[in-house]
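Peer 1: Take -15 as the starting number for the sequence shown in the numbering used here and just add one per residue. Quick reminder that beta carbons are idealized off the backbone N, C-alpha and C, glycines included. Right, I'll just put the structure down here and ask away after.
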Amino acid sequence: MTIKERKDGHIDICLERNVTSDHNSWDDIFLVHRAVPRVDLEDIDLTLDLLGRRIQAPLIISAMTGGTRKAMEFNRLLARGAEEFGLGMGVGSQRSGLNDGGYLPSYEVVKEFEVPLVLGNIGAPQLSSAQGDKRYGPKELEQARDMIDAHAICIHLNYLQEVVQPEGETYVSGVLENIKRMAKEFPLIAKETGAGISREDALALKGCGVKGFDVGGLSGTTFAGVESFRGGPKETRMGKTFWNWGIPTPVSIRVVDVGLPIIATGGLRNGMDVVRALSMGASAGGMALQLLKAASRGYEALSSELDIILDEIKATLFLSGALSVSDQGSLKGIMMGRTGEIFEGLYR
Ligand SMILES: Cc1cc2nc3c(=O)[nH]c(=O)nc-3n(C[C@H](O)[C@H](O)[C@H](O)COP(=O)(O)O)c2cc1C
-15 MTIKERKDGH IDICLERNVT SDHNSWDDIF LVHRAVPRVD LEDIDLTLDL LGRRIQAPLI
45 ISAMTGGTRK AMEFNRLLAR GAEEFGLGMG VGSQRSGLND GGYLPSYEVV KEFEVPLVLG
105 NIGAPQLSSA QGDKRYGPKE LEQARDMIDA HAICIHLNYL QEVVQPEGET YVSGVLENIK
165 RMAKEFPLIA KETGAGISRE DALALKGCGV KGFDVGGLSG TTFAGVESFR GGPKETRMGK
225 TFWNWGIPTP VSIRVVDVGL PIIATGGLRN GMDVVRALSM GASAGGMALQ LLKAASRGYE
285 ALSSELDIIL DEIKATLFLS GALSVSDQGS LKGIMMGRTG EIFEGLYR
């Protein structure tokens, strides 16, 4: 199967099947209500500086796609939404564009819009020394940056997906050393894709010089689940076995708090979940599947969805007694239930 077929396959599966984890940990985060909010709703400030860029709300349209005609349409819609609302946006893995110039337009389309924070995307397995001559290094990093005028590049850590795929690239040897080398050239973000980042890994990655994290935790899209629908006996079986594998997003935010910006992706469904993520210590929330579904219904649907999400963020900050996005100290988020037990278990 080519990368192109795999990419379109993922989008179709995500739109047509249930690909989310059984439990959404955002339901375990309780925000304390303030009967007397501290400022008028209209005065709540949603803007923030993230990775040296000013965005209009704490929301990133997470990495999803590139490399096919359908992907180009999605990237065009998503970039238009990011421009209209002043949000950050990531593209999906740029591997197709790096390997074959014919796929470049599906990524380059992002440059048609004024997106205030653009994040590129390269897979960690491509950085491994096991790739021999094909290993990505500073040259590919530069190409990925120029393809979309990126402000930072996400290195995606998707080993759960790779182990479930029969053709998966489960190479990790030399990856950290290469991240260290590449982080000297351009700002890198360490990004998971639905299974979360542990404290140990966050510290190691910080030591390699990454500038931030996208924790991409368990609660939403599970790539074990996505792969389970691809038909082969191995994906079907292993996809089901590993369906709920990973560190829940709220727990991952807490443990990855090592003094760098954190984007919280994984299971966010609305603006309240974004504020729940802020209460755990994230700088901004990220959404993938929710926005893919909206974009699949056209630009009006995506624009309306983003508009509502931003209103929900504002309303939740208001009702929680916060003055602005950066006033996170005023947010009181309590981690309950199964999610709270996992967090406590980590420190037992
Ligand atoms: C269709 C689809 C394709 C994705 N492709 C990528 C990718 O190429 N690179 C990446 O870093 N993450 C990719 N992701 C993962 C998302 O960026 C995100 O981390 C994950 O889906 C969890 O967020 P969600 O629960 O809001 O979907 C993809 C997600 C979806 C739904």
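Among Q149, G121, Q145, which has the Cα closest to the Cα of G158?
Peer 2: G121
Peer 1: Quick check: what's the CA-CA separation for Y91 versus A19?
Peer 2: 46 Å
Peer 1: Looking at K298: is its Cβ nearer than 8 Å to the Cβ of L43?
Peer 2: no
Peer 1: Take the Cβ of V99 as the centre, count every other Cβ of all protein chains shown within 10 Å, and call the residue buried at 16 or more, exposed below.
Peer 2: buried
Peer 1: Which one of T154, E219, E328, K218 has the shortest CA to CA distance from P232?
Peer 2: E328
Peer 1: Just the Cα atoms here: how many angstroms apart are I292 and A278?
Peer 2: Those two C-alpha atoms are separated by around 12 Å.
Peer 1: Just the Cα atoms here: how many angstroms apart are G152 and H17?
Peer 2: Take the alpha-carbon of G152 and the one of H17: they are about 46 Å apart.
Peer 1: T52: beta carbon under 7 Å from a heavy atom of ligand 1?
Peer 2: no
Peer 1: Return yes when the Cβ of V242 is within less than 8 Å of the Cβ of L315, no when it is not.
Peer 2: no
Peer 1: By the DSSP assignment, the alpha helix (DSSP H) with E98 in it spans what residues?
Peer 2: For E98, there is no enclosing alpha helix (DSSP H), as DSSP gives it neither H nor E.
Peer 1: Could you have a look at T225 and say whether DSSP puts it in helix, strand or coil?
Peer 2: helix
Peer 1: With distances taken between CB atoms, is the gap from I139 to K168 smaller than 8 Å?
Peer 2: no
Peer 1: Quick one: is the Cβ of T323 within less than 7 Å of any heavy atom of ligand 1?
Peer 2: For T323, the CB stays at least 7 Å from every heavy atom of ligand 1.
Peer 1: So what does DSSP say about E328, is it helix, strand or coil?
Peer 2: helix
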